[in-house]
Structures are given as structure tokens and as C-alpha cells.
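Participant: Pasting in a structure now, in C-alpha cells, and then I'll have a few things to ask.
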Amino acid sequence: MKPHLARAVQHKLPEPYYIKSVVPIHQIGRDEREAALNAAGLNLFNLRSSDIFIDLLTDSGTGAMSQYQWAALMQGDEAYAGSASFERFQGAVHELFGFPLVLPTHQGRSAELVLMTHFLKPGDLVPNNLHFDTTAAHVQYQKAVDLNLVVQDIYDWDSEQPFKGNMDISRLADLLSKEGDKVPLVLLTLTCNSGGGQPVSLRNVREVKEVCELYGKPLFLDSARIIENAWFIQQRDPACTHMSIREILRQVCDCADGMWMSAKKDGLVNIGGFIAVRRREHYDALRMYEILFDGFSTYGGMAGRDLEALAVGLLEATEPSYLAHRTGQVAYLATMLREAGIRTTWPPGGHAVYVDGRHFCPHLPVEHFPAQALSLALYLAGGIRSVEIGSILRGRDPQSGENRYEGLDLVRLALPRRTYSYTHLEFVGERLIELKQDAGSIRGVRFEQETPVLRHFSSSFAWV
Ligand code: F0G
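For the sequence shown, the positions run 217 to 680 when the working numbering is used.
Below is the structure:
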């Protein structure tokens, strides 16, 4: 066995499914990849999917649905209002998360638009463990300030802390005691996407809840990967090993006033999202904006058939065999890379492996965006698409207008759910290990054209 696979295989579990329908993929040649990358303005978001061999850009909406989800699509009730599909979907959300009042939205960020429009006014402060980029952008869009109060362990590569996504409780309490009048709500992101897919412990959720109660602030959960988070709680907290995934989910949600979810992740669907709340006053206020932005409150931008697939997907995502295999794939790739001396966030997170771009490319200064540079090199090496989660994604400081170089420069290899095999992952790992041997040849980039909002999606770059 190849040495870099020796420890990684510990995580190798048989797929808890077999393949019934396949999508052929094809690797174009190196020259064609270079031409495609130049035509894309050195921005991997601008590539055509046919120019990609293995697509690890995101785990959002890119997974495979089960036969039960495809069958459920046929039952979609497309009534504009009051559809039976909505009732089935609402029932699944209620059953899993316990919130009685549910507003579908077409994806996560439309839920964020609804929430932030209702809760925020200019000058407000919004604490979170670590905002995802769309959440931060929606906070800023309301002229409020996004604050990241995650524990410092998340920035420590060697720490084995099992819950690096935790909120720093003393910083939260300090903020609320000093500037609580400017804080309309508190957010918690599970798992913590921008910090490596790191989980938040049940104890930390409870502590955040206690602080929120003390200061009378509502707590909302950014729940895109809340089911993977529940898996880590069960696996990594000895006090919770006896609990089922569903019990853990309920205990987490019982601490919150509401949740929103980009269902394109743990909902196991290609499109969808929702907001769920406990209190009628929240529901009534949010519903008004939901109807304005996303459509009537029993479909919220989704077709009835999409609601059906989501109702089934949410329940499937709590299956232990699925969660063990999924997180095992992530751990497998992370272990393979670490064995070869490539620095990745650790312990492995839920949905992706994050490679440290600065460590991989020590010859590149932060101004040359080492993680973006590495993601481009990986595409050229194997037709593999990843994404920069670093200074480009963080954008500029709203006050000073400066690039935010503080923080990490990561290349995220996000694994679509139930989609790629271990052999695909080994192909990715081997290309990275080869690249590492000649890392000095990786070229840095600068902005050619920079867009002002969510610039990583649509800017173009040039080689330095
Ligand atoms: N919150 C988190 C934690 C997310 O990861 C995302 C999306 C959103 C909110 C927004 O949801 O895309 O449905 O509008 N994350 C994707 C990703 C885009 O690639 O990680 P959306």
C-alpha cells in the first residue's frame, strides 16, 4: 500500500448505497485546462462544468438524491397556496427540529435576507461564532456589523480540540454587557463552514443560550450542516454518545428561538431552504418579508416537488450509516494529505478538507493570495475544482476598505454528498501531493477586476 494511504484507510467504510444511475465525467487535456482557466479570468467559478473532472467547489446542492427522494418528486402538489407538499415538509422540519412554524425559502441566503431585513438596522452588531460569507454580506447589506466570536483554537493548527466551532462565551457575554443595546439577535453557525467545517458542542450551544437569556436576545441557528454537527456531538462528546442523532438535534434546537437552513447541504437536495421559529410574533414579521422576497409562505421559491424531496432528504440525512460514511470520506482525504506533510484543518470537519494555502506556498506573500493560487494550480494539475476560503472571500473591511488578510487562507475541497468514490478522493490527494513536491512553481495572483459585493464569485484575476 502507498505510504500516504496507510493511516487514511482507517476511515474507509463501504458506501451505504449502490449506484443506479451514473453521470459520465471526462478529463480534458492540460492545454485545454490552461485555455479554460484563462478564459475564466483565473476564477474557478467561471469555468464550465464540462471543463472539470472532479468538482469539489462546494457541497451545496451538488449531492445525489436517493430513489425515495426521486419518487417523492412525483407527489409534488403545485398549488400556489396551501399545498399538501408544504404540509409534509413542515411536518418533517417539526419532527426533526421541533420548531412548529416554518417558512420555506428558495435557499439559505434568501432566508438571510428575510431575517436580516426584519431584525437589523444600521449600526447594529451581529455576533456569530463565524459568519459564512453570505450571512456576513447580508448583515453588511443592512449597514450592520458582523462580529466573529469563535474560540481561538480554530486558528491553532495543532490543537486537537474536538469542537473548534464553539463560540467564545466570555467574549459574547462581554459584548452583550457593554453594547447589548446594539445587538438585536445572536447567531450560531453549525458546523462552522468558514473555519473548516468544525462543530459546535451541545454544551456550548447551551451556554450561548444562557447568555442570550440573561440579556434577552433571540438566538438563531445557521443550520446548513446542523445534522453533521449532531453527528460530531455524538462521536466526540463522551456525554452524548448514548444519544441518537435526532435526540441531539432536538436538544440543540431547544436552545434556540429559530433556525434557518440552506437545505442544499444537510437537506440532501439540489435547491431549497427554510426558516423555522417558535414564536408567532417572529413568524408573522418574517412571513411578511418572505412573501415579498421569495413567494407565498407555503412555497417560498420552491416547487411543491422540491418540498417533497426535501422532506425525505432531511430524514435520510440523520441515518448513522450515511453520516459515518460521509464524515469518514472527509477524514480519509484529510488524513492522506496530513500523512504527506500537507497542513489541513484538524480534526477533520464535516463536509470538506481545508488545506492551508500559506503553509503550502510559503514563497507567496498574502497579497498574492496563496490559497487562490493553489486552487488554480490544482485545477491545472488534474481538472479538480476547489475554492478559496481566505482573504479574497473575506473581502474588504467595510470601515477601512482594506483587504482583510488577518485570518486563514484555505483551499476548501468540499465533498458533494453520496457522489464521489474513494478512488476519486485518492486522485485528488495524489495531485496535491505531487504539487507539494514542486510548490515553489505555484504562481500568485492579483485582482484584475474586483467586484464590490461577494467578490470571490465574480472578480477576475491575473498572474503576478
Ligand atoms: N450558511 C452557511 C453556513 C453556508 O455554508 C451557506 C452556503 C449559506 C448559509 C448560504 O446558503 O448557498 O443556500 O444561499 N454555503 C455554500 C458553500 C454556498 O459552498 O459553502 P445558500
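We put the beta carbon where it would ideally sit given N, CA and C, even for glycine.
The model shown is predicted, which means the values in this text are computed figures rather than measured ones.
1) Please name the residue, chosen from Glu506, Leu258, Asp453, Ala352, that lies closest to Arg612 on a Cα-to-Cα basis.
2) Could you compute how far the alpha carbon of Gly307 sits from the alpha carbon of Leu508?
3) Comparing the CB of Thr351 with every heavy atom of the ligand F0G, is any distance shorter than 7 Å?
4) Give every residue of the same chain whose Cβ lies closer than 7 Å to the Cβ of Ser276, excluding the five residues on either side of it in the sequence, and list them in chain order.
5) With H, G and I counted as helix, E and B as strand and the rest as coil, what does DSSP make of Ile605?
6) Kindly list the residues whose CB is nearer than 6 Å to the CB of Lys380, restricted to its own chain and excluding five residues on each side of it in sequence; keep chain order.
7) Considering only residues of the same chain and omitting the five flanking positions on each side of Ser326, which have a CB-CB separation below 7 Å?
8) Tell me whether the stretch 517-537 and the stretch 357-368 touch, counting them as touching only if at least three CB pairs, one residue from each stretch, are closer than 8 Å.
9) By the three-class DSSP mapping on this structure, what secondary structure does Pro343 have?
10) In chain order, which alpha helix (DSSP H) runs of at least 4 residues are fully inside the stretch 552-598?
11) What's the gap between the Cα of Leu631 and the Cα of Glu294?
12) Note the first and the last residue of the continuous beta strand (DSSP E) segment covering Ala663.
13) Starting from Gly489 and walking both ways along the beta strand (DSSP E), at which residues does that stretch end?
14) Mark Ser439 as exposed unless 16 or more other C-beta atoms lie within 10 angstroms of its C-beta, in which case mark it buried.
15) Contact between the stretch 634-644 and the stretch 606-621 is defined here as three or more beta-carbon pairs at a separation below 8 Å; is this criterion met?
16) Are the Cβ atoms of Phe261 and Gln243 separated by less than 8 Å?
17) On the three-state DSSP scale, how would you describe Val238?
18) Taking the alpha helix (DSSP H) that Trp447 belongs to, which residues open and close that run?
19) Could you tell me if Lys433 is buried or exposed, where buried requires 16 or more neighbouring beta carbons within 10 angstroms of its beta carbon?
20) Quick check on DSSP: helix, strand or coil for Ile692?
21) In this structure, does DSSP put Ile461 in helix, strand or coil?
22) If you run the structure through DSSP and keep just helix, strand and coil, what is Asn259?
23) Quick check: what's the CA-CA separation for Thr514 versus Arg494?
24) If you measure between the beta carbons of Gly298 and Ala519, is that distance less than 8 Å?
25) Count the other CB atoms within 10 Å of the CB of His579; is the residue buried (16 or more) or exposed (fewer)?
26) Between the Cα of Ser266 and the Cα atoms of Arg659, Gly599, Val669, which residue gives the shortest distance?
27) Starting from Met477, follow the beta strand (DSSP E) in both directions and report where the run begins and ends.
28) At what residue ranges does the stretch 515-548 contain a whole run of the alpha helix (DSSP H), taking only runs of 4 or more?
29) Could you check whether the stretch 421-433 touches the stretch 381-398, counting it as contact only if at least three pairs of C-beta atoms, one from each stretch, sit closer than 8 Å?
Facilitator: Considering the structure as presented:
1) Stepping through the sequence shown from its first residue, residue 612 is reached at position 396. Closest by alpha carbon: Ala352.
2) Residue mapping note: residue 307 aligns to position 91 of the sequence shown, counting from 1. Residue mapping note: residue 508 aligns to position 292 of the sequence shown, counting from 1. Cα-Cα distance, rounded: 24 Å.
3) To locate residue 351, count along the sequence shown from 1; it is residue 135. Because some heavy atom of the ligand F0G lies under 7 Å away, the Cβ of Thr351 counts as near it: yes.
4) The residue you call residue 276 lines up with position 60 of the sequence shown. Excluding the 5 residues flanking it on each side, Ser276 has same chain C-beta neighbours closer than 7 Å at Ser478, Lys480, Lys481, in chain order.
5) The count along the sequence shown starts at 1 and reaches residue 605 at position 389. Ile605 falls in the strand class under three-state DSSP.
6) Translated into the one-based positions of the sequence shown, residue 380 becomes position 164. Cβ neighbours of Lys380 beyond the five flanking positions: Asp369, Ile370, Gln414.
7) Reading the sequence shown from its first residue, position 110 is the one you call residue 326. So the list reads Gly489, Phe509, Asp510, Gly517, once near-sequence residues are dropped.
8) no
9) Position 127 of the sequence shown, counted from the first residue, corresponds to residue 343. Here Pro343 sits in strand by DSSP.
10) With a minimum length of 4 residues, the continuous alpha helix (DSSP H) runs that stay inside the stretch 552-598 are 573-576, 586-598.
11) Taking the sequence shown and counting its residues from 1, one reaches residue 631 at position 415. Taking the sequence shown and counting its residues from 1, one reaches residue 294 at position 78. Cα to Cα, Leu631 sits roughly 32 Å from Glu294.
12) Residue mapping note: residue 663 aligns to position 447 of the sequence shown, counting from 1. Reading off the sequence shown, one finds Phe at residue 663, where the question assumed Ala. First-last of the beta strand (DSSP E) with Phe663: 661-665.
13) In the sequence shown, counting from the first residue as 1, residue 489 sits at position 273. Start and end: 489-493.
14) Within the sequence shown, residue 439 is the residue found at index 223, counting from 1. Classification for Ser439: buried.
15) no
16) Taking the first residue of the sequence shown as 1, we reach residue 261 at position 45. Taking the first residue of the sequence shown as 1, we reach residue 243 at position 27. Not a contact, by the Cβ cut-off of 8 Å.
17) As a position in the sequence shown, residue 238 is number 22, starting the count at 1. Reduced to three states, the DSSP call for Val238 is coil.
18) As a working mapping, residue 447 is identified with position 231 in the sequence shown. Per DSSP, Trp447 belongs to the alpha helix (DSSP H) from 442-452.
19) Stepping through the sequence shown from its first residue, residue 433 is reached at position 217. Under this definition Lys433 is a buried residue.
20) Any property of residue 692 remains undetermined from this structure, which presents the chain solely from 217 to 680.
21) Along the sequence shown, read from residue 1 onward, the residue named residue 461 stands at position 245. Correct three-state label for Ile461: helix.
22) Translated into the one-based positions of the sequence shown, residue 259 becomes position 43. In the structure shown, Asn259 sits in coil (DSSP, three-state: anything other than H, G, I, E or B).
23) On the sequence shown, residue 514 is found 298 positions in, with the first residue counted as 1. On the sequence shown, residue 494 is found 278 positions in, with the first residue counted as 1. When rounded, the distance between both Cα atoms is 17 Å.
24) Taking the first residue of the sequence shown as position 1, residue 298 is located at position 82. Taking the first residue of the sequence shown as position 1, residue 519 is located at position 303. No.
25) For this step, residue 579 is matched to residue 363 along the sequence shown. Classification for His579: exposed.
26) Translated into positions along the sequence shown, residue 266 becomes position 50. It is Gly599 whose Cα lies nearest to the Cα of Ser266.
27) In the sequence shown, the residue the question calls residue 477 occupies position 261. Counting along the chain, the beta strand (DSSP E) containing Met477 begins and ends at 474-478.
28) 520-532
29) yes
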